[in-house]
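Those letters in the sequence shown? Residues 1173 to 2137, per the working numbering, in order. Here a beta-carbon is modelled for each residue, glycine too, at the ideal position from N, C-alpha and C. This report refers to the structure that appears directly beneath it.
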Amino acid sequence: MMKKIPGFKFNFIVGNAFEILVSPDELFDKARKWATDFKGIYGFYMYPSACINIYNADDVKVILSTFKHHQKSIIYNLLKPWLRQGLLLSKGSKWLERRKILTPTFHFNVLQKYYPIMVDSTERLLETLDQTKEDTIDICPVISDFALSSICETAMGTKINEYADGRKYKEAIHRIRKVIYQRFVNIVLSVDFIFRLTSLKKEYTKYLSIVHDFTKNVIENRKREMKNISETEVMSNEGNNENVYFGKKRTAFLDFLILAQRKGQTDEVGIQEEVDTFMFRGHDTVSAALTYSLLLLAEHTSIQNKVVDELQRIFGDDTRKATMDDLALMHYLECCIKEGMRLYPPVPFISRRMTESVTLSNYTVPRGAMCHIHIYDLHRQESLFNNASTYDPDRFLPENSIGRHPYAYVAFSAGPRNCIGQKFAMIEMKLAISSILRRFELVPMIKTEDLKFTADIILKTSHPIQIKFIRLLIVILCSVEYFVNRNENARAIKNVPGFKDVFFFGNALAVFGMNSVGLFNLGRECAKKFNGIYRFYSLSIAAVNIYNPEDVEIITSSMKHHEKSIIYKFFETWLKDGLLISNGSKWQERRKILTSAFHFNILRKYFPILGENSQKLVKMVEKSNGEAIDIVPVLCDFTLDSISETAMGVKLDKDVTDSGDAYKNAVYETIKTLIHRFIRIYLYPDFIFNCSPQGIKQSRYLTIIHRFIAKVIKKRKENIRDKEEEDTATDDNDNFVYKRKKRAAMLDLLISAQKDGLIDDEGIEAEVNTFMFEGHDTTGAGLTYCLLTLAEHPVIQDKVLEELQSILTDSDGYASVEDLASMNYLERCIKETMRLYPPVPFISRKLTETVKLSNYQVPKGTMCHIHIYDMHRQESLFKDALKFDPDRFLPENSVGRHPYAYIPFSAGPRNCIGQKFAMMEMKSALSAILMRFKVLPVTTSADLEFTADLVLRNSKPVYLKFIKR
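Pasting the structure below:
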């Protein structure tokens, strides 16, 4: 019967075997030639198998439309060691049972649960394409990785890249496919007993074991996670399991199989068979379809533009992610995908076994013969598709599909054994292609006419398929301008006076490339130009700048807006979640622990240390012998020693002192990198900044800082272990007050709190970092500017001396803690200095709700920069505001002053915890110096050139002379 069917010359025993004993490339080309030579059907015989090849719609319908010939042919036996009796290979009642179990997993409601997984995978694909930087790439491995990751996460509920053996698994699948392919195209290797003798068999077994072990392990883990999940929860998606894809709440294909096992509908092996099958068929076919669709769209610019137009109609300039409702509107894109799969069907042929004799094209085909259905050739029949070799998506428009043979297009097979996942595949492809085209223009680096295919189960080329992905910059810029710079929040913030807006960049160019001195000066110019409030907006980064007390009170007087703004996030690698940066309950807990460290009774215990260090400071100044010295490092040494020995209870010995100099330098350099980042919006994302020269530099300095702080903590813990003393409470209402017979250190409170489980090592380090920085740098700045202003105002300096001489009658001239309380005029001088030169010139908060400031509605989420420096210099608050006049802080002169007009230590619940300590330290140091030296200016206030910084810092040294009295 076979000899009557058109075909090749029959050779003794081997039949037509020599016709296919060629390379894979040649075999594919031969099959295409045979499709042209013969008229819809031809046969060949290769001992012991007879094979019929068909590619006309009528014959295809005969084979596919019923269950009679549903059994796969023997060539699929090559897949059995891997896929066993999964849906692809099984037959009869087993196939029917499995199909019945699995069909509901592709119901529309279930596909909706898979959709978020696809969205995540697509986002990763876009990130990968972004990284190509518009270079030519081979799209095949990129799309293959995308499809494999997607199918892993839907089929198994597992993010393959997060699994320890995920990478091995992906590699093993690719290796197995290669071995199967070699067996498929090499008739000798297709014989099992010969294959077992080859090295390929050993390789195949190795990778097969990896794949099966991986899926088995995932199944077992998933079963444990589902142990307490009911069928109702899986089907309704309302479980409480927050694991990878249960949860808001995604249900995996695997979950349905596990439920089926519970019902006795399948077993452990059955689950693994279906997972392996779905993994293979679900990633390789989608990968091929996507690859050819992208290439065709790249090659046909006008069609690509039509798809983009359709997407524009759906999304406008909105950059949101596509929803399933959006996909349903992508009619033309669907036509493009279908046309791509017509020309390049992912599965170019399928093969069935004839379970009974059948008539095809008027020829009788015997029972037992294989029937190869060449979908590739069927789809290119001119009798079915006019200009069949032309890429024309319009042929799939509804009006153009009328009258077409129902089996002319079988990209997803057809009949009862059609592809169960075709809706899933179409959703995945629409999402991927639409997302790509919304971001990139596709440019082909190879033509479809140059594609060279190989004979395979999946349509594969023998060479890379190269495409360029060009970022749609102009579209992106316009979209950002419209949806980011002109959205509701942007419009609200732009009602506030501010800089002139520039397309796309907003106000960013006003500060772009500016150095820290320039930025500080710009802030002062703005304070003069605007009236108590101005705004900054660029690329969704919104900030309102305020410097009038009414607005400041609204922001700082309650816990509503206590959260620090995004710019403090830049400090997290340094100060982590210390008191300066933390918020909410953590801030409240830490504040409660630490407040007691600055109780008056505790401060009294600190004072002897401050007194000793003040004497050391005098000796350091004395060494200048009346010559001009840069006072900044001298005062910073004093404040660093003082905060370390009081709050930390650690005396900086030579080893630590050496690293203390490195620490101070590292602090200054770190702050420089942070300011550099602050004025460059493009460095706000961590991954960009960390890779920049400034980010690398910061990392180096942070290592020095953290090493120093770790040494301080370690030293104190060793001291406590060596000399453990009983702690007693000094306040009946506060469980966190620890009192020692000698001195109580803040660090001791933290260590004790750690023993009570209230803080951990990282928390201690965060607070020590915060207090070492804030406690020495701000006080150092306050002392610097106080000495400078007193040097410039000799009359006021003499009045301070007169007060000190009246108080300090002892021969040594050093103050006691009681003496400090009497230094009223010195305190006014310190306050006036901190008015003119606040150590912290600005603070910044995040608005947690929309708030009215200066009659402007400022939206939730906006940064609010409070410019203390400018507020303190407002003529409406302080007459002759630029004049140094300590008497303005006399009680009678402070009457009626707005309570938020003067906030050098911030204000409200988040005010400075150490302000009493700082005042005590400054009084001690200043009184010791002024009793012994007349201070003369070298650097003057007119010479000061401030930098934008957390602390008010001069860009150059501050020189003073100290003349012995």
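Asked, Found
"Cβ contact (3+ pairs, closer than 8 Å) linking the segment 1243 to 1255 and the segment 1548 to 1560", "no"
"Alpha carbon of Arg1893 to alpha carbon of Lys1887, nearest angstrom", "10 Å"
"Integer Cβ distance of Met1792 from Val1804, believed to fall under 8 Å", "Their Cβ separation, rounded to whole angstroms, is 13 Å, which puts Met1792 and Val1804 out of contact at 8 Å."
"Runs of alpha helix (DSSP H) wholly within the segment 1445 to 1496 (minimum 4 residues, chain order)", "1473 to 1487"
"Distance between beta carbons of Val1282 and Pro1276, contact taken as under 8 Å", "7 Å"
"Supposed close pair Ala1963, Val2107 - CB separation, criterion 8 Å", "4 Å"
"Which of helix, strand or coil DSSP assigns to Gly1264", "helix"
"Expected contact under 8 Å - CB spacing of Ile2075 and Val1724 to nearest Å", "7 Å"
"Beta-ladder partner(s) of Thr1238, from DSSP", "Thr1238 is not bridged to any residue."
"Buried or exposed by the 16-neighbour rule on C-beta atoms within 10 Å, applied to Gly1179", "buried"
"DSSP beta-bridge partners of Glu2117", "None; Glu2117 has no bridge partner."
"Unbroken beta strand (DSSP E) run spanning Pro1253, endpoints", "Premise fails: Pro1253 lies in the alpha helix (DSSP H), 1252 to 1255, not in any beta strand (DSSP E)."
"Nearest residue (CA-CA) to Val1383, options Arg1339, Tyr1353, Glu1397, Asn2083", "Arg1339"
"DSSP-derived helix/strand/coil call for Arg1295", "Reading the sequence as shown, one finds Glu at residue 1295 and not Arg. Looking at Glu1295 - three-state DSSP - the assignment turns out to be helix."
"Same chain only: Cβ atoms within 6 Å of Phe1428, ignoring 5 sequence neighbours per side", "Thr1277"
"Arg1915 - DSSP class collapsed to helix/strand/coil", "At Arg1915, the pLDDT of 45 sits below 50, so the modelled position is not reliable and the matter cannot be decided from this model."
"Cβ-Cβ distance between Lys1342 and Leu1361 below 8 Å", "no"
"Pair within 8 Å by beta-carbon distance, Leu1505 and Lys1595", "no"
"Beta-carbon proximity of Ser1786 to Val1884, cut-off 8 Å", "no"
"Distance between Ile1727 and Ser1768 (C-alpha atoms, nearest Å)", "26 Å"
"Assigned exposure category for Leu1569 - 16 Cβ within 10 Å defines buried", "exposed"
"Beta-carbon proximity list for Lys1836, same chain, < 7 Å, skipping 5 on both sides", "Cys1808, Leu1812"
"Between the CA atoms of Ala1604 and Thr1491 - distance to the nearest angstrom", "15 Å"
"First and last residue of the uninterrupted alpha helix (DSSP H) at Ala1699", "1688 to 1701"
"Top-ranked residue by Cα proximity to Leu1468, from Ile1637, Gly1436, Thr1330, Ile1545", "Ile1637"
"Beta carbon of Pro1538 nearer than 8 Å to that of Phe1239", "no"
"The segment 1966 to 1984 in contact with the segment 1849 to 1859 per 3-pair CB rule at 8 Å", "no"
"Rounded C-alpha distance that separates Lys2095 from Val1972", "11 Å"
"Leu1992 versus Asp1481, Glu2093, Thr1330, Arg1270, residue with shortest Cα-Cα distance", "Glu2093"
"Outcome for Ile1486 when other beta-carbon atoms lying within 10 angstroms are tallied against a minimum of 16", "buried"
"Which residues DSSP lists as bridging Met2035, in chain order", "Ala1715, Lys2018"
"Proximity test, Leu1603 beta-carbon vs the ligand MN heavy atom, cut-off 7 Å", "Because no ligand of any kind appears in the structure shown, any question about the ligand MN cannot be addressed here."
"Residues that DSSP places opposite Leu1614 in a beta bridge", "Phe1641"
"Neighbour flag for Val1806 against chain B, beta carbons, 8 Å", "Checking the listed chains, one finds no chain B in this structure; it contains a single protein chain."
"Assigned secondary structure, Gln2029 (DSSP; H/G/I helix, E/B strand, else coil)", "strand"
"Same chain, Cβ closer than 6 Å to Gly1867, five either side skipped, listed in chain order", "Phe1861"
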